[in-house]
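> Below you'll find the structure I mean.
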Amino acid sequence: MPMELTLEAKQRLCQAYLNYLSLVVCQQQACVAFQRGDTPIGALLISNKTVSAWQGSLTANLTKANWQAMQSFLALPEYLRLQVICTLALECYAISNNSCAQEAWLLLQSYLKKESHSTESIASTQGAESDARLLDSLDLALCRNLFASFSQLDKFELANQREKEQAVFGHCECLILEAAQAKLKTRRFNNFRLYVNLEPCLLCSSAIITAQVGELFYLQTNAKAGAVESQIKLLSLPWLNHHVKFTKLDASVLTSITSLCLCDFFHNLRHVNKQMGQAKKRKALYMEKDKFSLRKEMK
1 MPMELTLEAK QRLCQAYLNY LSLVVCQQQA CVAFQRGDTP IGALLISNKT VSAWQGSLTA
61 NLTKANWQAM QSFLALPEYL RLQVICTLAL ECYAISNNSC AQEAWLLLQS YLKKESHSTE
121 SIASTQGAES DARLLDSLDL ALCRNLFASF SQLDKFELAN QREKEQAVFG HCECLILEAA
181 QAKLKTRRFN NFRLYVNLEP CLLCSSAIIT AQVGELFYLQ TNAKAGAVES QIKLLSLPWL
241 NHHVKFTKLD ASVLTSITSL CLCDFFHNLR HVNKQMGQAK KRKALYMEKD KFSLRKEMK
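Numbered according to the UniProt record's numbering, the sequence shown spans residues 1 to 299.
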């Protein structure tokens with residue numbers, strides 16, 4: 001029989017799973033932006049409702065509310081399902097040294113040892129192959145079904161538009177808050193969680209504070225322009241009238257994808273800008289030659 005977790009441990013694992021799926025959506029939105037020639041940054045804003053703990057056996061449900069949405073996840077072999085849950089618990093919460101996460105992790109490991117698939121065999125499958133299977137099992141369709149099953153939640157998905165539209169405020173965090181404000185007729189989002197695949201910049205962090213977002217989750221630090229913890233700790237300033245709770249989630253698979261997308265994008269952007277600069281120089285040189293030839297003919 002599966003080992004029972006405490007209610008708090010179940011809730012934390014459910015939230016870890018939802019956090020991971022939310023960041024999968026962000027990554028998909030970032031890919032959309034990348035394909036249309038914009039900075040690969042995506043954001044997702046959802047209501048901060050309490051996730052109900054799953055009922056029954058450990059492998060039967062993840063949450064009571066989204067049973068049908070979990071069909072593709074439940075279609076995985078049992079040991080892979082447990083591996084996914086263990087991976088999420090370890091990646092999302094082990095670094096926080098949380099006692100509930102540790103309890104859940106130990107109980108899941110104990111359960112795995114009792115099954116025919118040992119922890120050693122599961123550990124040996126980790127790597128590029130298991131990462132690919134993990135992402136395949138948590139595809140965008142599953143994300144859409146999952147969030148659609150929470151009918152009481154308002155959901156917004158947006159990707160960056162600054163480069164493509166040449167918009168000063170075209171950052172996805174600003175766009176998503178503007179869209180939410182227009183739909184919900186409110187400027188306060190205390191009960192919402194904002195997910196983004198890259199640490200917000202100064203502009204986006206200011207917008208997040210002004211909108212009074214309840215909680216922020218992001219995947220990768222922004223070494224050059226991050227305003228949450230990298231360059232300036234804007235959200236932690238003591239004199240602010242609203243303090244946003246923020247968490248950097250250590251989901252290694254998605255973080256590596258984000259890093260590669262951003263590197264590719266800015267490499268291509270520099271290459272395009274270099275080509276445009278060279279074209280401008282050639283055009284200016286030709287114009288100068290034409291002027292010189294014209295002056296020579298006039299003489």
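Don't be surprised by glycine CBs; every beta carbon is placed ideally from N, CA and C.
If you draw a straight line from the alpha carbon of Leu234 to that of Asn197, how long is it in whole angstroms?
So the two alpha carbons sit approximately 18 Å from each other.
> List the DSSP bridge partners of Leu216.
Leu194, Phe246
> Among Ala33, Asn241, Ala211, Ser230, which one has its Cα closest to the Cα of Gln220?
Nearest option by C-alpha distance: Ser230.
> Taking the alpha helix (DSSP H) that Ile176 falls in, what are its first and last residues?
172-184
> Leaving out five residues on either side along the sequence, give the residues of the same chain with a beta carbon under 6 Å from the beta carbon of Phe246.
Leu216, Val228, Leu235
> Within 10 angstroms of its Cβ, does Val168 collect 16 or more other Cβ (buried), or is it exposed?
exposed
> Would you mind reading off the limits of the alpha helix (DSSP H) that contains Ala207?
Counting along the chain, the alpha helix (DSSP H) containing Ala207 begins and ends at 202-210.
> Using the rule of at least 16 other Cβ atoms within 10 Å of the residue's Cβ for burial, across every protein chain shown, is Leu175 buried or exposed?
buried
> Taking all protein chains shown into account, do 16 or more other C-beta atoms lie within 10 angstroms of the C-beta of residue 300, making it buried, or fewer, making it exposed?
It is not possible to answer for residue 300, since the shown part of the chain is limited to 1 through 299.
> Apart from the five residues on each side of it in sequence, which residues of its chain come closer than 8 Å, Cβ to Cβ, to Cys201?
Answer for Cys201: His171, Asn222, Ala225, Gly226, Ala227, listed in chain order.
> What is the DSSP secondary structure of Phe169, reduced to helix, strand or coil?
coil
> Rounded to the nearest angstrom, what separates Gln181 and Thr210 at their Cα positions?
12 Å
> So, at 6 Å on beta carbons, what are the nonlocal neighbours of Leu194 in its own chain, with the 5 sequence-adjacent residues on each side left out?
Leu45, Val213, Leu216
> For Asn190, which residues of its own chain have a beta-carbon under 7 Å away from its beta-carbon, when the five flanking residues on both sides are left out?
Gln212, Gly214
> Which of helix, strand or coil does DSSP assign to Lys233?
coil
> Just confirm the distance between the C-beta atoms of Ile208 and Glu173, as a whole number of angstroms; I'd bet it's less than 8 Å.
For Ile208 against Glu173, the beta-carbon gap comes to about 6 Å, under 8 Å, which counts as contact.
> State the Cα-Cα distance for the pair His242 and Ser206, rounded to the nearest angstrom.
11 Å
> Might you give, ordered along the chain, the residues of its own chain that have their beta carbon closer than 6 Å to the beta carbon of Lys185, omitting 5 neighbours on each side?
None.
> Do we get a CB-CB distance below 8 Å when we pair Ala223 with the residues of chain D?
No chain D appears in the structure shown, which is made up of a single protein chain.
> Give every residue of the same chain whose Cβ lies closer than 7 Å to the Cβ of Cys26, excluding the five residues on either side of it in the sequence, and list them in chain order.
Here the set comprises Gly42, Ala43, Leu44, Tyr195, Val196, Asn197.
> Ala225 by DSSP, collapsed to three states: which one?
coil
> Straight-line CA distance for Arg187 to Val244?
15 Å
> Leaving out five residues before and five after Glu199 in sequence, what residues of the same chain have Cβ atoms less than 8 Å from its Cβ?
Tyr218, Gln220, Thr221, Asn222, Gly226, Ala227, Val228, Glu229, Ser230, Lys248
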